[in-house]
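For reference, each letter of the sequence shown is one residue, going 12 to 237 in the working numbering. From the three backbone atoms N, C-alpha and C, an ideal C-beta is built for every residue, glycine too. Source: prediction; values computed, not measured.
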Amino acid sequence: MVELAPSILSADFSRLADEIAAAERGGGTVIHVDVMDGHFVPNITIGPPVVASLRKATKLPLDCHLMIENCDEFIPAFADAGANWVSVHYEACRHLHRSLELIASHGMKPAVVLNPATRVTLIRDILPMVHHVLIMSVNPGFGGQRFIEFSLDKIRKLVELRQELGLTFRIEVDGGVAHDTVARVVQAGADLLVAGNAVFGSGNAEQNARALLQAARQAGVPADGS
Ligand code: DX5
Ligand code: ZN
C-alpha cells in the first residue's frame, strides 16, 4: 500500500502541530523530518529538540532523514526525542553498517539514503539490515526542487534487487514528488512518498495531501482494474 509522508520542511514552522494535523487529516501516515547540518548539505534545519516537540503533537511515525556528517553522535538523541525511523546517507557515513546497527540498537527502524549520483548496487550488502531505502530524486538540501528523471530507473533497479535478494524493505522517494511526477514514481515501484512543497507549499495542506495520495493510489491500480 502506498503511503504519504508529508515533509515538514515546507510547513509553517510557527504552526507545526496544526500543519501536521492537517496533513494527517488528508491521509498522511508518516511525518518526514529533514535534519540538515550545514556541512553535508548547504542548509541548516532542526534537531532532536524539535523532534521531541513533534512527538507530543502526533502519534504517526516520525521519519527522520539525517542529512548530517557525524550521525553516530546524534542517533541516541533522536531515539530519546521519540524518532521512529532514522535514515542516514550512504555518502555521509564512514561506517554505514555501524550506523545502521546503532539505529536498530536504539529500537528505531534503520534506513539508508542515496543521493541522485549514487548507484543502488553500492548498498547491496547492507540491504538485509534496512527497513527502507530512500532514493533522493533531488540533491538534498532544499524543498521545492525539480524531480530528477533518472531516479525512476533507480527505483526500478532497487525493485529488481529486492526481488533477487528475497527481501521486503520498502522504497521511499524524496524530492519533487508532486502531481506531475507521482504516478510515475508509484509505477516505478515506490511505496513511501515524501512530499513537502506539494503538501505545504501553497493552499490547504489537508486537501493537497488528499489529492496527492489519491493520484498516487490511482496510479498504483492496474488499468484493467485487476
Ligand atoms: C530535501 C528534503 C526533502 C524535501 C522535499 O533535501 O530531503 O524531504 O522536503 O521537498 P519537496 O517535496 O518540496 O521536493
Ligand atoms: Zn527528506
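Residue i, DSSP secondary structure in three states
i	result
R181	strand
A194	helix
I79	coil
A22	coil
I57	coil
A16	strand
S213	coil
L71	coil
S98	strand
Proximity test, residue i beta-carbon vs the ligand DX5 heavy atom, cut-off 7 Å
i	result
F153	yes
G37	no
L20	yes
G187	yes
D74	no
D29	no
M78	yes
Neighbourhood of residue i by C-beta distance below 8 Å, restricted to the same chain and skipping five residues each side
i	result
E217	A33, A34, R36 and G37
N215	A33
I55	M47, D48 and G49
Cutoff 6 Å; reference residue i; Cβ partners in own chain excluding five residues on either side
i	result
G39	L15, P17 and A220
E3	The structure shown does not extend to residue 3, since the chain is modelled only from 12 to 237, so the question has no answer here.
P53	G152
Beta-bridge pairing of residue i - partner residues as DSSP gives them
i	result
H143	A122 and R181
L203	E14 and E183
Cβ-heavy atom distance, residue i to the ligand ZN, below 7 Å
i	result
D48	no
V62	no
(request) Count the C-beta pairs between the segment 136-151 and the segment 175-186 that are closer than 8 Å, then say yes if the count reaches three, no if not. (result) yes
(request) Report yes or no: do three or more beta-carbon pairs, one from the segment 59-67 and one from the segment 101-109, lie closer than 8 Å? (result) no
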